[in-house]
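First comes the structure, then the notes that go with it.
There are 2 protein chains.
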Amino acid sequence: MTCLLTDQEQILHLLKGLNNQISPKFERCTGISSSRYELLHHLYHADEVNQSNLQKAVNIDSAAITRHLKQLEADGMVTRSKIPSDNRVTLVRLTEEGRKRIIGYKEEKAAFVNQMLNDFSEEELSILSNMLRRMQTNIREL
Amino acid sequence: MTCLLTDQEQILHLLKGLNNQISPKFERCTGISSSRYELLHHLYHADEVNQSNLQKAVNIDSAAITRHLKQLEADGMVTRSKIPSDNRVTLVRLTEEGRKRIIGYKEEKAAFVNQMLNDFSEEELSILSNMLRRMQTNIREL
DNA sequence: ACTCCATAATTGACGTATCAATTGAATGAT
DNA sequence: ATCATTCAATTGATACGTCAATTATGGAGT
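Sequence order for the protein chains is A and B. The opening residue of the first sequence carries number 1 in UniProt numbering; numbering runs sequentially from there. The opening residue of the second sequence carries number 1 in UniProt numbering; numbering runs sequentially from there.
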């Protein structure tokens with residue numbers, strides 16, 4: 001009835017399960033989805049960015065980027081404008097309102113992550129983050 | 001321009017990024033989505049299960065379970081039947097066809113996971129899997 | 001028997017990600 | 001100067017997951 005899985009086999013299941021749990025909880029706790037948060041966070045530090053750089057930074061599909069930004073624009077969090085020197089690219093920046101609101105989100109996110117990782121030592125965190133990076137590398141060209 | 005994130009802060013981003021990479025690649029490599037694989041895999045060992053137990057086992061929303069199973073049934077991989085003693089529950093089992101096909105999927109999955117974790121020692125795997133479990137626990141009641 | 005509650009499965013509405021195809025604007029080669 | 005390529009952004013189709021509400025059934029308690 002119960003079935004044995006090697007550690008290797010389980011990792012995938014655990015990863016997926018964890019993520020499925022995280023996404024809705026993150027949003028409930030912080031008031032914003034984690035992808036949106038990443039976008040705003042990046043803009044917060046980078047002041048003005050074009051979409052394709054933003055895409056590379058947060059590492060989600062550019063179609064999704066477009067849709068997120070449109071929504072964030074509609075919510076008054078960011079502005080978007082074409083640049084005259086190259087009419088293909090659109091520059092994105094936080095509005096004042098956006099800059100103000102992200103501060104609250106940052107706190108909520110910190111609290112969330114803190115809860116999730118509350119019993120992890122600095123060393124463990126760095127081990128974990130390395131492992132995740134290695135996995136990412138290992139499947140990069142599949 | 002570049003912004004400093006603590007290891008703690010990055011974990012979330014890494015996790016999500018990794019998962020977003022995994023899902024489409026898993027499906028491309030194996031020919032089936034990882035959720036469907038989990039369902040079939042569980043059925044492979046359990047012979048006959050009702051949906052709510054299946055739901056607990058694979059840990060995704062029961063709405064999603066219903067939809068997956070309908071599709072798998074349409075594809076001739078599983079059969080579903082109400083049980084007379086309690087007309088609420090539906091029992092699911094693999095068809096012969098399904099049982100045959102999952103064997104191929106198992107191999108593809110093993111190859112995929114092998115690639116993803118090829119440079120991980122047994123010990124690392126067990127550390128990683130423990131960490132993932134801990135995180136899951138830490139956010140359980142959020 | 002009848003009302004009340006719990007449970008299993010389903011459906012609907014929604015958010016988010018992917019990929020493939022398209023649009024529109026620069027750029028490079030002949 | 002023009003044609004082909006390349007690139008940024010967008011759109012459409014599709015898949016998967018959540019939550020909330022619904023349907024249908026079963027089981028108590030009175």
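All residues carry an ideal CB built from backbone N, CA and C; glycine is no exception.
C-beta neighbour in chain A for residue i, strict 8 Å
i: Asn53/B; result: no
i: Asn59/B; result: yes
i: Leu12/B; result: yes
i: Arg133/B; result: yes
i: Leu40/B; result: no
i: residue 230/B; result: There is simply no residue 230/B to check, as chain B begins at 1 and stops at 142 in what is shown.
i: Leu142/B; result: yes
i: Ile139/B; result: yes
Residues near residue i by beta carbon distance below 6 Å, same chain, minus five either side
i: Glu27/B; result: Ser33
i: Glu97/A; result: Gly76
i: Ile102/A; result: Leu40, Tyr44
i: Ser81/A; result: Leu91
Sequence-distant residues of its chain with Cβ nearer than 7 Å to residue i (five each side left out)
i: Glu108/B; result: Cys29, Thr30, Gly31
i: Ile83/A; result: Val89, Leu91
i: His68/A; result: Ser35, Arg36, Leu39
i: Thr95/B; result: Gly76, Met77, Val78, Thr79
i: Met1/A; result: Because Met1/A sits at a pLDDT of 47, beneath the cut-off of 50, its placement in the model cannot be relied upon, and the following sentence gives the value as read from the coordinates. Same-chain partners within the cutoff: there are none.
i: Ile60/A; result: Ser35
Sequence-distant residues of the same chain with beta carbon closer than 8 Å to residue i, five excluded per side
i: His42/A; result: Val49, Leu54, Ala57, Val58
i: Ser52/B; result: Ser62, Val89
i: Leu128/B; result: Phe120
i: Ile22/A; result: Ser34, Met116
i: Ile65/A; result: Leu39, Gln51, Leu54, Gln55, Val58
i: Lys100/A; result: none
i: Leu72/B; result: Arg36, Leu39, Leu40, Val78, Gly98
Any C-beta of chain B under 8 Å from that of residue i
i: Lys56/A; result: no
i: Glu27/A; result: no
i: Ile126/A; result: It is Ser, not Ile, that sits at residue 126/A in the sequence shown. So, interface residue.
i: Gln21/A; result: yes
i: Met1/A; result: With a pLDDT of 47 at Met1/A, under the threshold of 50, the modelled position of this residue cannot be trusted; read the value that follows with caution. Yes, contact with chain B.
Within chain A, partners of residue i - CB distance below 8 Å
i: Leu18/B; result: Leu15, Leu132, Met135, Gln136
Neighbouring residues, chain B, relative to residue i (Cβ below 8 Å)
i: Ser129/A; result: Asp7, Gln10, Ile11, Leu14
Per-residue contacts from residue i into chain B (C-beta, under 7 Å)
i: Ser34/A; result: Leu12, Lys16
Let me know the beta strand (DSSP E) ranges lying completely inside the UniProt domain "HTH marR-type" (8-137) of chain A, each 3 residues or longer, listed in chain order. 78-83, 86-94
The stretch 100-123 of chain B: positions lying closer than 9 Å to chain A by Cβ: Lys109, Ala110, Phe112, Val113, Asn114, Gln115, Met116, Leu117, Asn118, Asp119, Phe120, Glu122
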